[in-house]
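J.:
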Amino acid sequence: MRGANLVEINFDGLIGPSHNYAGLSPGNLAATRNAGAVARPRAAALQGIAKMRANLDLGLVQGILLPHRRPDYRWLDSLATRYADAPRHLQAQAMSASAMWAANAATVSPAPDTADGRCHLSVANLGTMPHRSHEWPATLAQLRIAFADPAFAVHPPVPLPFGDEGAANHMRLCETHGAPGIEIFVYGEAGGPFPARQHREASEAIARRHGLDPARTLFVRQSDAAIAAGAFHNDVVAVANETVLFTHEQAFADADRFYEDLRRLMPSVEIVEVPSARVSLEDAVSSYLFNAQLVSRAAGMTLILPEEARGNAPVRRWLGEHVAGNGPIRALEIVDVRESMANGGGPACLRLRVVADPGTVDPRFLVDHASLDRIAGLVTAHWPETIDANAIGDAALVARIEAAHRALLEALDLVGLIDR
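Basically our numbering = 1-based index in the sequence shown + 79.
1) If you count every other CB in all the chains shown that lies within 10 Å of the CB of N84, and 16 or more means buried, which is it?
2) Check P437 in the structure and name its three-state DSSP category.
3) Compare the Cα-Cα distances from R453 to each of I128, D195, H256, A203 and report the closest residue.
4) List the endpoints of the continuous beta strand (DSSP E) containing Y266.
5) Looking only at its chain, what residues have a beta carbon closer than 8 Å to the beta carbon of A269, apart from the 5 residues adjacent to it on each side?
6) Where does T326 land, buried or exposed, given buried means 16+ other C-beta within 10 angstroms?
7) Count Cβ pairs between the region 239 to 251 and the region 182 to 189 that sit closer than 8 Å; are there 3 or more?
8) Does the Cβ-Cβ distance between T322 and V351 come in under 7 Å?
9) What's the gap between the Cα of H278 and the Cα of T296?
10) Which word fits P120, buried or exposed, when buried means at least 16 other C-beta atoms lie within 10 angstroms of its C-beta?
11) Roughly how many whole angstroms lie between the Cα atoms of P238 and E400?
12) So the candidates are M250, E283, L341, Y100; which of them puts its Cα closest to the Cα of L373?
13) Which residues bound the beta strand (DSSP E) around N134?
14) By DSSP's criteria, I466 is part of a beta bridge. Which residues make up the other side?
15) Closer than 6 Å by C-beta to A118: which residues in its own chain qualify, once you throw out the five before and the five after it? Chain order, please.
16) When the Cα of F90 is compared with those of L431, Q301, G406, which residue comes out closest?
17) Just to confirm my understanding: we take A455, look at its own chain, exclude 5 residues before and 5 after, and list those with CB closer than 7 Å. What are they?
18) Using a 10 Å radius around the Cβ and a threshold of 16 neighbouring Cβ atoms, would you call R161 buried or exposed?
19) Helix, strand or coil: how does DSSP classify T207 here?
20) Enumerated in chain order, which unbroken segments of the alpha helix (DSSP H) with a length of 4 residues or greater are wholly contained in the region 163 to 231?
21) Taking the alpha carbon of R479 as the reference point, which residue from V140, L411, M174 has its own alpha carbon closest?
22) Following the continuous beta strand (DSSP E) through D335, name the residue where it begins and the one where it ends.
23) So is G379 buried or exposed if we call it buried at 16+ other beta carbons inside 10 Å?
24) Is there contact here, the region 284 to 291 with the region 334 to 342, by at least three beta-carbon pairs under 8 Å?
25) Using a Cβ-Cβ cut-off of 6 Å (strictly less than) and excluding sequence neighbours within five positions of A319, which residues of its own chain qualify?
26) Would you kindly work out how many angstroms separate the C-alpha atoms of L488 and V494, rounded to a whole number?
27) DSSP three-state call for S365: helix, strand or coil?
28) So, at 6 Å on beta carbons, what are the nonlocal neighbours of D415 in its own chain, with the 5 sequence-adjacent residues on each side left out?
29) Of all the beta strand (DSSP E) runs that stay within the bounds of the region 271 to 318, which reach a length of 3 or more residues?
30) Taking buried to mean at least 16 other C-beta atoms within 10 Å of its own C-beta, is D136 buried or exposed?
31) Looking only at its chain, what residues have a beta carbon closer than 8 Å to the beta carbon of P54, apart from the 5 residues adjacent to it on each side?
32) In this structure, how does DSSP classify L103 when only helix, strand and coil are distinguished?
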């Protein structure tokens with residue numbers, strides 16, 4: 080294992096200039112509810128940058144992943160059409176900015192967990208939804224630059240039809256981030272009103288590929304009730320950090336067995352289960368209580384939450400009582416990511432967690448306040464102020480989105496990604 084300074088790095092997806100509300104994701108209640116609304120790409124990206132700044136202020140190491148080129152002409156070419164000629168639903172799918180939700184970029188197994196002592200990343204195929212199914216080539220190209228060091232192994236997706244949606248359905252428990260951990264893969268089963276996006280077969284393939292110890296790897300089924308309530312990914316109803324699992328009572332199909340396995344493998348685990356009698360699944364999903372960043376600080380764990388959690392009375396009351404009662408979550412930080420939330424993605428959706436030595440990461444993908452200042456300036460200068468979902472075929476809008484993307488990559492010396 081190369082690099083002794085293993086820390087958790089949050090790589091946030093920068094919200095791209097094509098951010099719009101086309102309502103492309105059945106099962107994502109916020110996205111479908113806001114279909115057709117006017118989006119604010121510039122404000123969305125600046126909100127995401129402000130969240131990254133807040134993480135830096137908490138003492139966290141912060142990385143960034145970049146928006147993909149949009150429209151995706153190569154994908155349209157594979158469908159034998161051009162953007163100007165494509166039907167509206169294909170234009171919307173080719174224009175989607177959903178790569179901003181970096182939690183779906185890949186599944187990550189840190190070096191202490193793997194057989195070869197490298198950090199493994201498997202890019203998600205995202206095959207369930209057409210608008211996300213064409214993300215993986217650009218994601219793979221980007222991750223192979225960011226993690227080109229021999230300390231990493233970056234893998235292409237598991238093949239379809241085995242659906243994989245990345246770290247949003249994966250959790251890790253450990254004594255410290257740099258210690259060997261227990262990796263938990265959460266999958267769904269079909270049969271409810273919405274599709275189950277994570278297949279057990281995909282999760283099992285990734286665990287084998289990453290060289291995980293079967294004795295320290297769990298495959299846990301998400302509850303049908305959670306999926307039906309709009310928890311299209313596990314990170315909408317559960318999040319883990321070091322020795323703490325923070326979860327809704329109805330997150331898992333067989334929670335008792337899951338908790339028993341966890342306590343056997345890690346006696347020090349603290350399971351913080353929010354009762355459905357206190358916070359319903361509906362309140363958990365609408366507030367994104369669990370789609371939060373649970374992070375380690377010297378004073379204890381901090382939960383980074385969206386404004387919507389503070390605005391939900393049952394959620395606010397439960398959180399206040401937990402923090403006042405000296406539970407494992409000692410502090411709350413509120414961030415404004417309302418543009419992302421309106422499309423169905425909270426603070427946890429926007430970041431991919433990678434435990435690594437920062438010295439092994441391409442420095443162009445690590446940020447500080449100064450680099451965020453530069454990126455914010457580019458966003459302010461180039462991102463559209465608004466996008467009406469009904470106007471995504473407008474040639475002038477397309478040209479502006481393409482120019483904004485090029486300006487960003489030129490400024491970051493990553494222009495080679497334009498043609499990936």
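All residues carry an ideal CB built from backbone N, CA and C; glycine is no exception.
All values reported here derive from a predicted model rather than from experimental measurement.
T.: In this structure, then:
1) exposed
2) helix
3) I128
4) 260 to 266
5) A275
6) buried
7) yes
8) no
9) 16 Å
10) buried
11) 45 Å
12) M250
13) Where N134 is concerned, there is no enclosing beta strand (DSSP E), although the alpha helix (DSSP H) it sits in stretches over 120 to 136.
14) A118
15) H98, N99, Y100, I466
16) L431
17) L125, I128
18) exposed
19) coil
20) 167 to 174, 209 to 212, 215 to 225
21) M174
22) Per DSSP, D335 belongs to no beta strand (DSSP E); it is in the alpha helix (DSSP H), 334 to 344.
23) exposed
24) no
25) M250, L252
26) 5 Å
27) helix
28) Q126, E386
29) 296 to 300
30) exposed
31) Since the first residue of the chain shown is 80 and the last is 499, residue 54 is not available in this structure.
32) coil
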